[in-house]
Amino acid sequence: MFAALLVAIQSDALSLKLQAVDPARLRATVTHLSSYPTRNSLSKEVHQAAAWLADEYRAIPGLEVELMEYTLPQGRRVPQPTPCVQVVATLKGSSPETIIIGAHLDSLNLSVAPTEGPAPGANDDASGVALTLELARQLAGTQPRRTIKFVAFTGEEQGLLGATALAQRAKDENWPLVAMLNNDTVGSSRNLGGQENTKQVRVFSEEGENHDSRELARFIEWTVRQAVDDFTVKLVLRRDRFGRGGDHTPFVLQGFSAVRFIEVHEEFKHQHTPDDLVQHMDFDYLANVTRANLAAVWSLAHALPAPTKVTLVRDQTHDTTLTWEGEPGVPYTVYWRDTASAEWQGSMAVGEVERATVPLVNKDDHIFAVGAAGGVPVLAE
Ligand SMILES: [Zn+2]
C-alpha cells in the first residue's frame, strides 16, 4: 500500500526527509521564541520575533519571504487599531495551486498588560512555529508541483485576526488554495492529570460528513498511517475543541479546506500563563508531529490533479465498479471504508485508467472514492 501511495511522489526522498527531522533544531527554535518577554500582538517584541523568524526563512535557499503588514482591528483584546506583521514564506511549485502550513507566532498572558511579560508561549504556539520552519527546511529544494506557503500568524489570541486577514487576502486575490494545515499547541505529550499519548496527534476538521475539510483530514490520517513509523492521527470530527478556536477556521469560512493539528492531552493550566515553558515540552513528540505534517504536505505538494465525475456503476453484483474522468499520465488509487468508519480502510492502486472494479467489497455497506496517487480522494456518487 505504501508503494501505491507514493507512485508519483518519490518515497525514498520522503523517507530521508522524515529521518532528517531534528528534535534539537525544534527545541532551539522554541527556546529562542520563548525567550522574548512576550510575543503579544500588541507588543514591540512580536515585531522583533517576526523579524528574527523572517531571517530564519531567508536563510533557507529558494524561499521568498514577506513580512505581511496588516492592522489589528479594535476589539475585545485590542483597545485601538494597531499595526501588526506576520511572516509568509513561499516555496514556489511548478503549479500556482497552493498549500498553506501555518501556526501562530503570538503569545498571551491574560494576567498582565498586553505589552508586559512574561508570556513565553513555548507550546502555544512556538511549537507550531518551530514545526513550520522545520518543514520549510526539509522541503526547500524538493521542487514540489504545488506552491507551499509557510505562515507564522499573529493576532491569534485577539480573535484569529492575522489568519482572518490572510484568508481574506487569499479570497480577494483568488489564490488557488487547495489545503490549509494549522498547527497550534503540538509539543507536549502529557497533561498534569497524568494522561499521556506519545503516539498520536489530533486532527480536528469541520462538522459535516462530506465537508472538504473532513476529506482533507481523512486523507491526512491515511497518509500518516502509510508513511510515518509508529505514529498516527486521531481524527476528531469537530471544528475545534469545546468553546475554543484556531487559525484554520477563518480559511474554512472563506470556503477553503482547512484542519487543525493539536496534541492529544493539552494542559490548560499552562496555556496563556508564565508556565507555558520549554521544560514542559517533549521534543521527540514534536518531531513526530512534524513528520506527520511533512508526510501530508509532501503528498499534497506532489500529487497530480484530482479526478472528476467519480461515479459508482449501478449493477447488482458483489463487486464495486467505479468510473471517473482523469488526465493522461496520472495514476489513480481507489479507496473504501465501511459507512460507520471515519477512516479509509482499504485502497487499491489502479494505474492510468478511468475505470476500476474492487472485487468483493459491496457498494451498499461502503463509501468509495478515487484520488490521483498521493492526492486527496474524491468521493464517488
Ligand atoms: Zn494557540
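Start counting the sequence shown at 286; every next residue gets the next number (my numbering).
For each residue, glycine too, the CB sits at the ideal point set by N, CA and C.
Residues near residue i in its chain [Cβ-Cβ closer than 6 Å; skip 5 each side]
| i | result |
| --- | --- |
| T575 | V306, L416, E419 |
| A339 | V350, L352, V372 |
| E481 | S474, R475 |
| E552 | N476, L477 |
| F636 | Reading off the sequence, residue 636 comes out as Gly, not Phe. Answer for G636: P616, listed in chain order. |
Straight-line Cα distance separating residue j from residue i
| i | j | result |
| --- | --- | --- |
| Q443 | S326 | 8 Å |
| N468 | A627 | 21 Å |
| V537 | A464 | 10 Å |
| Q485 | A658 | 25 Å |
| S392 | L522 | 27 Å |
| T624 | D650 | 6 Å |
| A577 | K648 | 31 Å |
| A335 | L390 | 8 Å |
| H557 | W460 | 33 Å |
| F287 | V615 | Caution applies to F287, whose pLDDT of 42 falls short of 50 and renders its modelled position unreliable; the value that the coordinates give is listed next. Their backbone Cα atoms lie some 17 Å apart in a straight line. |
| V663 | E639 | 13 Å |
| K302 | A572 | 12 Å |
Option nearest residue i by Cα separation, candidates the options
| i | options | result |
| --- | --- | --- |
| W507 | Q601, H603, G447, T618 | T618 |
| A437 | G347, L562, A374, E492 | A374 |
| F435 | V582, G472, S632, L445 | V582 |
| W337 | H317, L562, P322, V549 | H317 |
| A452 | L424, T534, S412 | T534 |
| G479 | V549, R529, R431 | V549 |
| E341 | E354, R422, A398, V646 | R422 |
| A298 | A580, D514, S632 | A580 |
| S396 | Q428, R362, G413 | R362 |
First and last residue of the uninterrupted alpha helix (DSSP H) at residue i
| i | result |
| --- | --- |
| E419 | 412-424 |
| Y342 | 330-343 |
Contact set for residue i: own chain, Cβ-Cβ below 7 Å, skip 5 residues either direction
| i | result |
| --- | --- |
| K594 | W609, E610 |
| V661 | E500, L501, F504, A591 |
| R310 | E419 |
| G678 | This structure gives no information on residue 678, because the portion of the chain shown stretches from 286 to 666. |
Segment limits, beta strand (DSSP E) that includes residue i
| i | result |
| --- | --- |
| Y570 | First-last for Y570: 568-587, but that is the alpha helix (DSSP H), not the beta strand (DSSP E). |
| K302 | Element bounds for K302: not the beta strand (DSSP E) but the alpha helix (DSSP H), 296-305. |
| K519 | 517-521 |
Short Cβ contact (9 Å threshold) for residue i with residue j
| i | j | result |
| --- | --- | --- |
| L466 | I345 | no |
| V643 | T605 | yes |
| G426 | T439 | no |
| A455 | L462 | yes |
| V518 | V488 | yes |
| F568 | V370 | no |
| A388 | D560 | no |
| L589 | A641 | no |
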